[in-house]
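Just below is one structure, and these are the notes that go with it.
Numbering (this note's numbering), first residue to last: 44 to 346.
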């Protein structure tokens, strides 16, 4: 929260600093900014970026523009390029200033999943690793827009959940960094011609969820913030007690699990429980122990 607020004071969107989980789980590094060069940002027209997948430079004072942070240029010996999602062999790079899936190769990139040839094949397109991250290249520098599987498509336009989450997080009473946006089926089973656009968030105070009037005021404020910031009308807003959003043992929000809970009707009224440091340490220890057992006690398949 403090990190995002500090960077916002300098005039650019801290959403651009959200981690790229696809690449983080499969690589050491593929790109970095030049040492001593400082932070480099790029302002682009939001409509062209989300609707057309095209990068059009905007002025820094354009209030409708999206300002993204450069991840730098590729390391020597590595490949970074942008491809259409349906390019199964990575045959035709989209080129600069076009949004698509980021695909990579090089000595810092994983060779594959351990003893899982099928998943390894699915993760590759030709000789390149499919990161699942959306981004573009500009002047040889990499910029990340979000995750392809999380994009919400509404009336032919792409909406990235991080943008909705950012707008909702600015509402007083909402816990910053504890907001999840997603597209989902109607939990009542009603057939619709599109996904519902949903924002679930944790309130700063449990009383704000229990009291119907306070909860409704928060819901209204979140709807207004997303409408004002993105011109998007939310189908549903779900206020939750602190700690109610599903998270990994390391504290990362689980967007896909939140969506699944919403679709089964289990998200509404979900109780809050903020894991303490002891519980997190236990989970990390169990994970490490499982790994060493598998590695040391004959987990490898016989050939």
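For glycine and all other residues, C-beta sits at the position ideal for the given N, C-alpha and C.
Values in this document were obtained by computation on a predicted structure and should not be read as measured data.
Residues near residue i in its chain [Cβ-Cβ closer than 8 angstroms; skip 5 each side]
{"i": "residue 133", "result": "124, 126, 146, 168, 169, 170 and 171"}
{"i": "residue 151", "result": "70, 71, 72, 73, 118 and 121"}
{"i": "residue 91", "result": "97, 98 and 99"}
{"i": "residue 77", "result": "115 and 116"}
{"i": "residue 141", "result": "96, 97, 98, 125 and 179"}
{"i": "residue 148", "result": "121, 122, 170, 171 and 172"}
{"i": "residue 215", "result": "264"}
{"i": "residue 135", "result": "126 and 127"}
{"i": "residue 352", "result": "An answer regarding residue 352 cannot be provided, because it is not within the stretch 44 to 346 covered by the chain."}
Extent of the continuous alpha helix (DSSP H) to which residue i belongs
{"i": "residue 206", "result": "204 to 212"}
{"i": "residue 304", "result": "298 to 306"}
{"i": "residue 162", "result": "160 to 165"}
When the options are compared against residue i, the one with the closest alpha-carbon
{"i": "residue 282", "options": "192, 195, 264 and 198", "result": "264"}
{"i": "residue 299", "options": "157, 243 and 187", "result": "243"}
{"i": "residue 203", "options": "176, 218 and 217", "result": "176"}
{"i": "residue 194", "options": "174, 240, 231 and 164", "result": "240"}
{"i": "residue 112", "options": "181, 196, 137 and 273", "result": "181"}
For residue j and residue i, believed in contact at Cβ under 8 angstroms, the rounded distance
{"i": "residue 306", "j": "residue 227", "result": "5 angstroms"}
{"i": "residue 191", "j": "residue 161", "result": "The pair is not a contact, with the Cβ atoms about 20 angstroms apart (cut-off 8 angstroms)."}
{"i": "residue 408", "j": "residue 225", "result": "The chain is shown from 44 up to 346; residue 408 falls before or after that span and cannot be answered."}
Beta-carbon contacts of residue i that lie in its chain and below 7 angstroms, excluding the five residues immediately before and after
{"i": "residue 200", "result": "93 and 94"}
{"i": "residue 269", "result": "207, 210, 211, 242, 275 and 277"}
{"i": "residue 105", "result": "86"}
{"i": "residue 262", "result": "280 and 282"}
{"i": "residue 107", "result": "89"}
Residue range of the unbroken beta strand (DSSP E) whose run includes residue i
{"i": "residue 264", "result": "Counting along the chain, residue 264 falls outside any beta strand (DSSP E), though it belongs to the alpha helix (DSSP H) covering 255 to 273."}
{"i": "residue 231", "result": "Neither: residue 231 is in no beta strand (DSSP E) and is coded neither H nor E."}
{"i": "residue 242", "result": "239 to 246"}
{"i": "residue 188", "result": "184 to 190"}
{"i": "residue 88", "result": "84 to 88"}
{"i": "residue 280", "result": "279 to 283"}
{"i": "residue 146", "result": "143 to 148"}
{"i": "residue 178", "result": "171 to 181"}
{"i": "residue 124", "result": "122 to 126"}
{"i": "residue 110", "result": "108 to 112"}
{"i": "residue 194", "result": "Looking at the DSSP string, residue 194 is not in any beta strand (DSSP E), and its letter there is neither H nor E."}
Near the ligand ADP: residue i beta-carbon under 6 angstroms from a heavy atom
{"i": "residue 103", "result": "For the ligand ADP, the structure offers nothing, since it holds no ligand at all."}
Straight-line Cα distance separating residue j from residue i
{"i": "residue 293", "j": "residue 128", "result": "30 angstroms"}
{"i": "residue 285", "j": "residue 249", "result": "6 angstroms"}
{"i": "residue 251", "j": "residue 159", "result": "47 angstroms"}
{"i": "residue 82", "j": "residue 88", "result": "20 angstroms"}
{"i": "residue 198", "j": "residue 295", "result": "30 angstroms"}
{"i": "residue 222", "j": "residue 183", "result": "33 angstroms"}
{"i": "residue 297", "j": "residue 187", "result": "20 angstroms"}
{"i": "residue 185", "j": "residue 254", "result": "46 angstroms"}
{"i": "residue 65", "j": "residue 271", "result": "For residue 65, the predicted structure reports a pLDDT of 47, less than 50, and the residue's modelled location is therefore unreliable. A value from the coordinates is still provided. For residue 65 and residue 271, the distance between alpha carbons rounds to 30 angstroms."}
{"i": "residue 238", "j": "residue 229", "result": "8 angstroms"}
{"i": "residue 218", "j": "residue 247", "result": "5 angstroms"}
{"i": "residue 289", "j": "residue 220", "result": "13 angstroms"}
{"i": "residue 163", "j": "residue 130", "result": "17 angstroms"}
{"i": "residue 231", "j": "residue 79", "result": "55 angstroms"}
{"i": "residue 266", "j": "residue 196", "result": "18 angstroms"}
{"i": "residue 273", "j": "residue 213", "result": "13 angstroms"}
{"i": "residue 256", "j": "residue 138", "result": "52 angstroms"}
Own chain residues within Cβ distance below 6 angstroms of residue i, not counting five before or after
{"i": "residue 304", "result": "310"}
{"i": "residue 342", "result": "For residue 342, the predicted model reports a pLDDT of 48, less than 50, meaning its position is unreliable; a value from the coordinates is still stated below. Cβ within range, chain order: n/a, list empty."}
{"i": "residue 75", "result": "115"}
{"i": "residue 102", "result": "none"}
{"i": "residue 258", "result": "252 and 282"}
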